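Okay, structure first, notes after.
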Amino acid sequence: MNSGDRADAGHAGGPTRHGLAIGYVPGVQPDKWLTRWRERRPDVPVTARRVGDPRTGLAHTAGENGFDVVFFREPADAPRSAPEGLLRVPLYTETMAVLAEKEHELGAFDTLVPGDLEGETWLDPVDTLVATPDEVASAVDLVAANVGLLVLPLPYARSLSRRDVVIRPLEGAPATRMGVAWSSRREGDELIDEFVGIVRGRSAASSRGGSDTPREKRSAREKSMAKARTRAERSSKAGGENRGRSAQGGRSAQGGRSAGRRAR
Numbered sequence: 012m013n014s015g016d017r018a019d020a021g022h023a024g025g026p027t028r029h030g031l032a033i034g035y036v037p038g039v040q041p042d043k044w045l046t047r048w049r050e051r052r053p054d055v056p057v058t059a060r061r062v063g064d065p066r067t068g069l070a071h072t073a074g075e076n077g078f079d080v081v082f083f084r085e086p087a088d089a090p091r092s093a094p095e096g097l098l099r100v101p102l103y104t105e106t107m108a109v110l111a112e113k114e115h116e117l118g119a120f121d122t123l124v125p126g127d128l129e130g131e132t133w134l135d136p137v138d139t140l141v142a143t144p145d146e147v148a149s150a151v152d153l154v155a156a157n158v159g160l161l162v163l164p165l166p167y168a169r170s171l172s173r174r175d176v177v178i179r180p181l182e183g184a185p186a187t188r189m190g191v192a193w194s195s196r197r198e199g200d201e202l203i204d205e206f207v208g209i210v211r212g213r214s215a216a217s218s219r220g221g222s223d224t225p226r227e228k229r230s231a232r233e234k235s236m237a238k239a240r241t242r243a244e245r246s247s248k249a250g251g252e253n254r255g256r257s258a259q260g261g262r263s264a265q266g267g268r269s270a271g272r273r274a275r
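Right, dumping it as structure tokens:
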């Protein structure tokens, strides 16, 4: 059990008054953020526990389930705007994965693409955006019994830690996105803002005040100028490089990927 699972029972009934209660869906490992918080704010306790309803953080009830902040999962192509009553910050996109019985021939691949899966037997899809952890676990039991294959977000699949199941990343499949959400009634809450800043990688020396904006604008201008210089350099070299590439023989891109996926 990781430290994020060891929640203080006193925080389970509602948002804390003098600390933070963090909720997270399966596949999220909050320990690194909790550690950074405790290093930075040892005066403010923080606890975390897995949410029972994976839809927590997708609706305005995010702040009414015993949590101050919730890590949620949604389709990668979902609108980035928050539903009414919520404040949300998208974080990162998750790769999908195929789960198969440990002796399945797909275990010979390092990664998979949809074309590798033609003719395979599949379980009924499990929507991790609404399915409970117990429902997902039941589906994985069927995978272990070689009833069929299953697709899950890769971090979720790895969190299940089953020795009787192989997990292989699936390229080219519709992905999921992780984010953090909290109630809009807590907008401007100092503790929530600081925790979200830690999750987003803000250093302890960073300021949330007005002085932060000029630095961000200067950085953006510098990046824009650097990109313009890079594009100009690439443009001047494009003719020669294209001629060099066209003269080369070799395998097709697809063939190279297939060989790499099967190398064990």
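Heads up: take any position in the sequence shown, counting from 1, add 11, and you land on our numbering. The C-beta atom is built at its ideal place from N, Cα and C for all residues, glycine as well. Computed from a predicted structure; not experimentally measured.
Is it the case that the Cβ atoms of residue i and residue j are separated by a distance below 8 Å?
i	j	result
V124	F82	no
A111	V154	yes
A89	R188	yes
H115	V210	no
V80	V191	yes
I203	R197	yes
Taking all protein chains shown into account, decide if residue i is buried (16 or more other Cβ within 10 angstroms of its Cβ) or exposed.
i	result
S92	exposed
W193	buried
E129	exposed
E105	buried
G126	exposed
L31	buried
R219	Confidence is the limiting factor: at R219 the pLDDT is only 46, short of 50, which leaves the residue's position unreliable and the question unanswerable from this model.
T46	exposed
Quick check on residue i: does DSSP put it in helix, strand or coil?
i	result
F206	helix
R49	helix
P101	strand
V151	helix
S218	Note that S218 scores 41 on pLDDT, short of 50, meaning its location in the model is unreliable; the coordinates nonetheless yield the value given after this. In the structure shown, S218 sits in coil (DSSP, three-state: anything other than H, G, I, E or B).
S194	strand
L171	helix
Assuming residue i and residue j are in contact, meaning their beta carbons sit under 8 Å apart, how far apart are those beta carbons, in whole angstroms?
i	j	result
V207	V36	That pair is no contact at about 17 Å.
V151	T139	Actually they are not in contact, since the Cβ atoms of V151 and T139 sit about 12 Å apart, beyond 8 Å.
R84	P144	Actually they are not in contact, since the Cβ atoms of R84 and P144 sit about 12 Å apart, beyond 8 Å.
G160	E205	Rather than Gly, the amino acid found at residue 160 in this sequence is Leu. Their Cβ separation, rounded to whole angstroms, is 43 Å, which puts L160 and E205 out of contact at 8 Å.
field: Given 8 Å, three or more beta-carbon pairs between the segment 58-67 and the segment 170-180
entry: no
field: Meets three-Cβ-pair contact criterion under 8 Å: the segment 41-56 and the segment 181-192
entry: no
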